[in-house]
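Adding 606 to a residue's 1-based position in the sequence shown gives its number in our numbering. Worksheet for the structure shown next.
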Amino acid sequence: MISLIKDKKTKEFGDFQTPRELAFEVCLLLSRLNLKPSTIIEPTCGLGSFVGASRKIFHSAKILGFDISPNYIAQTQDKFKDEENISIFEANFFETDWKELFKTFEKPILVLGNPPWVTNSQLGVLESDNLPEKKNFQNFSGFDAMTGKSNFDISEWMLINLFESLNRQNAQLAMLIKSSVARKILTYAWKNNIRFSKSAIYKIETEKHFNASVDSCLLFCDFSGDQQTFTTEIFAGISDEKSSQTIGFENGELLASVDLYQKWKYLNGGSKIKWRSGIKHDCSKVMELTKDGEKYKNNLGEVFELEDQFVFPMLKSSDIANGNLQPRRWMLVTQKDVKDTTEKIAEIAPKTWDYLTLHAEFLDRRGSSIYKKRARFAMFGIGDYSFAVWKVVISGFYKKLNFNLVGSYDNKPIVLDDTCYFLPFETESEAKKVCDLLNSTAAQEFFKSFIFWDAKRPITVDILQKLDLTKLEKFSKTKAQNGLKKAFQELSENCNNESIGVNLQNSFNFEE
Ligand SMILES: C[S@@+](CC[C@H](N)C(=O)[O-])C[C@H]1O[C@@H](n2cnc3c(N)ncnc32)[C@H](O)[C@@H]1O
């Protein structure tokens, strides 16, 4: 989305001013939720869309707006100069002690707004320092761990600060943010004992309101009340009264569907067979080839004669997702294991070695730190498993939960690119059995309880690894022999978890 904005200042401050209608719609929703704030605070108020909208709806509230931009502050102060309940201040969010400030205002407090939509690495490119100073945040639990992350939204830091400052206060928060940030904030809050009695996510039409292509939402949280909830209702739109989904948090895990997790949590236990990623080489120009008669053509359009030994048929994520399981590309694979040296290729396959050395400049300039201190022309994510003849495969990029069986081609195992995940098998029958199990409703619903389809890479190794295949196989056998009810019963009994038994009896009518 950032490419859509033109000037540096706009980018630096993640500046997407909220259309007035949207700010008004949000305030109407908050009024429908029966909020009666005495003080409304907008920490990054810009040109004051929310200040204006909230004044129309919450007549008696005192409204305070803050922003880093002197230009916006001047315009907004001017706009509301005759309103005695509205005060606008120039302030840098990261230099403001929100916790102390909140103490001084009449409760209930509503913190409202639309923080900047920019990541720290985008700021890095712009040589901007619109970032918190580490020392300002050191009192916050978990912050050190957060700063270790390579890329994060600065709104994430702002929201963490606000959540820490509002914890256990008679206060509510409603903020327009990216959906991925909303999930991170909720997870942070749940992990760090920040208490809220109610929360909800209302999806926003980002394209329509901000002309930007990213999933975004209004995150609402109520910090008042003594109850801690571990679920959040998701609404498809701001005016929706009925939620479409409930996400939640259990045993340290964020759940995309609490209902599906409750149904299938007995299958959570980890796979004994390890899920693997495909081979990573970061150099498709040189390492990915197509056949040109008896020779190979690379992505630079050059044709070479190569020994067959190091060339393997390959499938990419797009092939897997589209069901094109007949390889049309080949991959030059320089190792059998990440620890292997590569110089021996010179002796075993001199043409291949010449090809590699001729293109060394492409391979040597691969930026990723994983290639440092490794053999020249090394690859990553490579081991015995990469060459297993049978694989059960899924693409991590595409929004399809579809497992495929992949075998060999031209008497060689098919290898996969690093956006695919797979389980390796020696025999076709074992691979086929597992593939069928993974495509069963039980497995699909189990995975769906963890998958957020709007994430960049919805299907991850972590999610795949959660499913206990042994339990799933047993469940499937009992279901085939004695029916679904018996199969559920057996699963729950083997889980040593009484609450599961209760769930089972109460929640399901044994329809798969
Ligand atoms: C996405 S815009 C939203 C503006 C306004 N809240 C609205 O809804 O129209 C983000 C705002 O954050 C302000 N901003 C960026 N960095 C800031 C900081 N460190 N402290 C305070 N305001 C900041 C920008 O000037 C900009 O007005």
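By construction, the Cβ of each residue, glycine as well, lies at the ideal position given by its N, Cα and C atoms. Model, not experiment: these values are computed from the prediction.
Check	Outcome
Whole-angstrom C-beta distance between isoleucine 669 and asparagine 691, which should lie under 8 Å	6 Å
For aspartate 1068, the nearest candidate out of Lys880, Phe622 and Ala981 (CA to CA)	Lys880
Proximity winner among Lys642, Cys633, Arg638 and Phe672, relative to alanine 659 (alpha-carbon distances)	Cys633
Sheet register partners of tryptophan 936 (DSSP bridge)	Leu895 and Pro919
Delimiting residues of the beta strand (DSSP E) encompassing glycine 654	Glycine 654 -> no beta strand (DSSP E), and no H or E assigned at all.
Three-pair Cβ contact test at 8 Å for the stretch 901-912 versus the stretch 860-872	no
Threonine 650: CB within 7 Å of a non-hydrogen atom of ligand 3	As for ligand 3, it is missing from this structure, which binds only ligand 1.
Same chain only: Cβ atoms within 6 Å of threonine 1123, ignoring 5 sequence neighbours per side	This structure leaves residue 1123 out entirely; the chain is present only between 607 and 1118.
Proximity test, asparagine 698 beta-carbon vs ligand 1 heavy atom, cut-off 7 Å	yes
Cβ-based neighbour list, arginine 774, same chain, cut-off 8 Å, excluding 5 preceding and 5 following	Arg801 and Phe829
Nearest residue (CA-CA) to phenylalanine 664, options Gly652, Asn677, Leu635 and Asp990	Leu635
Beta-carbon proximity list for glutamine 623, same chain, < 7 Å, skipping 5 on both sides	Gly652, Leu653 and Ser655
C-beta contact flag for lysine 713 and asparagine 776 at 8 Å	yes
Counterpart residues of methionine 604 in DSSP-defined beta bridges	No answer is possible for residue 604: it lies beyond the span of the chain, which begins at 607 and ends at 1118.
Proline 1030 in three-state terms, based on DSSP	strand
Aspartate 828 beta carbon near ligand 1 (any heavy atom closer than 7 Å)	no
Beta-carbon proximity of arginine 934 to leucine 895, cut-off 8 Å	no
8 Å Cβ cutoff met for phenylalanine 983 and leucine 969	yes
Beta strand (DSSP E) runs contained entirely in the stretch 628-713, provided each spans 3 or more residues	645-648, 668-673 and 692-696
Alpha-carbon spacing of glutamate 967 relative to arginine 980, whole angstroms	16 Å
Residue burial classification, glutamine 941 (beta-carbon count within 10 angstroms, cutoff 16)	buried
Opening and closing residue of the alpha helix (DSSP H) in which threonine 1047 lies	1047-1054
Sequence-distant residues of its chain with Cβ nearer than 6 Å to serine 805 (five each side left out)	Cys827 and Thr838
Straight-line gap, glycine 843 to isoleucine 810 (C-alpha atoms, nearest Å)	6 Å
Through-space distance from serine 1082 to tryptophan 870, alpha-carbon basis	13 Å
Which of helix, strand or coil DSSP assigns to alanine 984	coil
Helix, strand or coil at phenylalanine 910 according to DSSP, with G and I counted as helix	strand
Simplified DSSP state of proline 1064, which is helix, strand or coil	coil
Where the beta strand (DSSP E) through alanine 1086 begins and ends	Premise fails: alanine 1086 lies in the alpha helix (DSSP H), 1075-1088, not in any beta strand (DSSP E).
Euclidean distance between Cα positions of leucine 768 and serine 992	46 Å
CB-CB length for isoleucine 646 against leucine 716, believed under 8 Å	5 Å
Reference aspartate 832, options Ser845, Ser850 and Ser803, closest by Cα	Ser803
CB contact flag (lysine 1038, leucine 1011, <8 Å)	yes
Inter-residue Cα distance where the pair is glutamate 627 and cysteine 1041	49 Å
Supposed contact pair phenylalanine 1053 and lysine 997 - C-beta distance, whole angstroms, cut 8 Å	The Cβ separation is near 18 Å, so there is no contact.
Span of the beta strand (DSSP E), counted from its first residue to its last, around tyrosine 808	804-810
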